[in-house]
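At position 265 of the sequence shown (counting the first as 1) the number is 268 in the working numbering, and the numbers step up by one without a gap.
C-beta atoms are modelled at their ideal positions from N, C-alpha and C, and glycine is treated no differently.
Computed from a prediction, not measured in an experiment: that's the story for all the values here.
Below: the structure, in structure tokens.
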Amino acid sequence: MSEARRISSANALRWYGVTDCGKVRKNNEDAFLCLQFDAQEVRYMGRFGEQAIGSVDFVFAVSDGMGGARAGEFASRIAVEKITRLLPPTFRQSAVGLESGFADVLAELFDEVHRALMYLGGSYEECAGMGATLSLCWFTPGWMYFAHIGDTRIYYLPAAEGGIRQLSHDDTYVGWLQRNGKINEREARNHPQRNRLQKALGAGNQFVDPQVGAVAYEPRDQFLICSDGVTEGLYDDQLLERLRTPDPAEAVKTPAIRLVEAALERSGRDNTTALVIEVL
4 MSEARRISSA
14 NALRWYGVTD
24 CGKVRKNNED
34 AFLCLQFDAQ
44 EVRYMGRFGE
54 QAIGSVDFVF
64 AVSDGMGGAR
74 AGEFASRIAV
84 EKITRLLPPT
94 FRQSAVGLES
104 GFADVLAELF
114 DEVHRALMYL
124 GGSYEECAGM
134 GATLSLCWFT
144 PGWMYFAHIG
154 DTRIYYLPAA
164 EGGIRQLSHD
174 DTYVGWLQRN
184 GKINEREARN
194 HPQRNRLQKA
204 LGAGNQFVDP
214 QVGAVAYEPR
224 DQFLICSDGV
234 TEGLYDDQLL
244 ERLRTPDPAE
254 AVKTPAIRLV
264 EAALERSGRD
274 NTTALVIEVL
């Protein structure tokens with residue numbers, strides 16, 4: 004199927020974002036971003052909201068920083084803030100159909116973030132070793148383009164098919180084992196090397212090779228971007244239950260709050276961030 008803009012019956016997006024430092028960490032190295040943009044400008048959006056699809060594009064992203072002192076917190080902020088400068092020039096291209104060019108646009112974006120983190124890490128002692136994961140969803144009419152590096156995850160919950168699907172590949176040895184059927188989800192969750200990254204932006208990595216892809220969306224589809232603080236506390240079927248069929252007491256809360264509170268209750272060892280996007 005072509006990856007150009009397509010006609011879709013979807014007419015709006017609704018989003019909810021929540022982040023928490025968790026029960027152990029003193030600072031929050033997670034950062035998330037919600038924005039809309041066209042060829043001229045970027046507009047930051049709040050932690051939750053609703054907006055019609057049409058004349059502007061939307062970007063949602065989550066980054067988990069790493070590094071000594073407060074370098075991890077700084078790294079994740081750099082990762083999401085770079086997006087605001089680099090994406091607007093691509094709007095004219097997306098307006099006529101990205102075709103296969105979306106992969107080049109997103110690869111260039113990730114490379115820019117990587118170089119910025121490498122420069123700072125090599126220039127300032129307090130920033131040595133700084134790095135970040137980055138998972139990004141770019142919504143144009145009918146299509147969601149995504150890019151990812153690290154272990155911050157992107158999930159897709161299609162209304163028509165049901166279920167939950169992890170779009171992003173965890174850039175860890177444990178993630179590779181699970182994708183290849185050598186261990187199951189429970190074994191992956193308890194593996195001693197589950198948090199050891201093989202890819203990240205900055206952090207001394209020489210090359211950047213993000214995973215990129217595209218999904219055609221329809222009304223009632225949902226997308227979730229979340230840091231590993233969420234997935235350390237909740238299995239995939241628990242994510243699905245809280246997003247699609249919450250019990251009445253939970254249903255009064257926003258989807259992102261439901262996920263973060265449940266993850267903190269079950270784990271809470273890490274910073275915990277959930278960003279939920281609903282197609283209306």
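Close Cβ partners of residue i (< 6 Å) along its chain, the five nearest in sequence each way excluded
i, result
"Gly-271", "Gly-25, Lys-26"
"Gln-276", "The sequence shown places Thr at residue 276, not Gln. Closer than 6 Å at the Cβ level, and outside the excluded window around Thr-276, lie Thr-22, Asp-33, Phe-35, Val-65, Ser-230."
"Met-4", "Low local confidence applies: a pLDDT of 37 at Met-4 is under 50, so the model's placement there is unreliable, and no value is given."
"Asp-224", "Pro-161, Ala-162, Val-282"
Among the options, the one whose alpha carbon lies nearest that of residue i
i, options, result
"Tyr-47", "Phe-35, Tyr-159, Ser-58", "Phe-35"
"Glu-244", "Gln-209, Gly-165, Val-116, His-117", "Gly-165"
"Glu-284", "Lys-29, Tyr-159, Val-108", "Since the displayed the chain opens at 4 and closes at 283, residue 284 lies outside it and no answer follows."
"Gly-15", "Asp-173, Gly-57, Asn-187, Asp-41", "According to the sequence as given, residue 15 is Ala; it is not Gly. Selected option, being the one with the closest Cα: Gly-57."
"Asn-208", "Glu-53, Glu-115, Met-121", "Met-121"
"Thr-87", "Ala-78, Glu-129, Leu-112", "Leu-112"
Residue i beta carbon near the ligand GTP (any heavy atom closer than 6 Å)
i, result
"Asn-31", "This structure simply doesn't include the ligand GTP, nor any ligand for that matter."
Residues sharing a beta bridge with residue i, DSSP
i, result
"Ala-285", "Coverage of the chain is limited to positions 4 through 283, which leaves residue 285 absent and any answer about it impossible."
"Leu-278", "Gly-20, Ile-228"
"His-172", "Looking at the DSSP assignment, His-172 forms no beta bridge with any residue, so it has no partner."
Beta-carbon spacing of residue i, residue j below 7 Å
i, j, result
"Ala-74", "Met-133", "yes"
"Leu-139", "Ala-150", "yes"
"Thr-136", "Asp-239", "no"
"Val-211", "Asp-114", "yes"
"Arg-50", "Gly-20", "yes"
"Ser-12", "Pro-222", "yes"
"Lys-85", "Val-45", "no"
Beta-carbon contacts of residue i that lie in its chain and below 7 Å, excluding the five residues immediately before and after
i, result
"Thr-248", "none"
"Ser-171", "Ser-138, His-151, Arg-156, Ile-157, Gln-214"
Cβ-Cβ separation, residue j to residue i (assumed contact under 8 Å), whole Å
i, j, result
"Phe-61", "Gln-39", "5 Å"
"Ala-265", "Leu-237", "6 Å"
"Arg-197", "Ala-191", "6 Å"
"Leu-278", "Ala-259", "7 Å"
"Trp-18", "Ile-280", "5 Å"
Chain-order list of residues whose beta-carbon lies under 8 Å from that of residue i (same chain, five-residue window excluded)
i, result
"Leu-89", "Glu-111, Leu-112, Glu-115"
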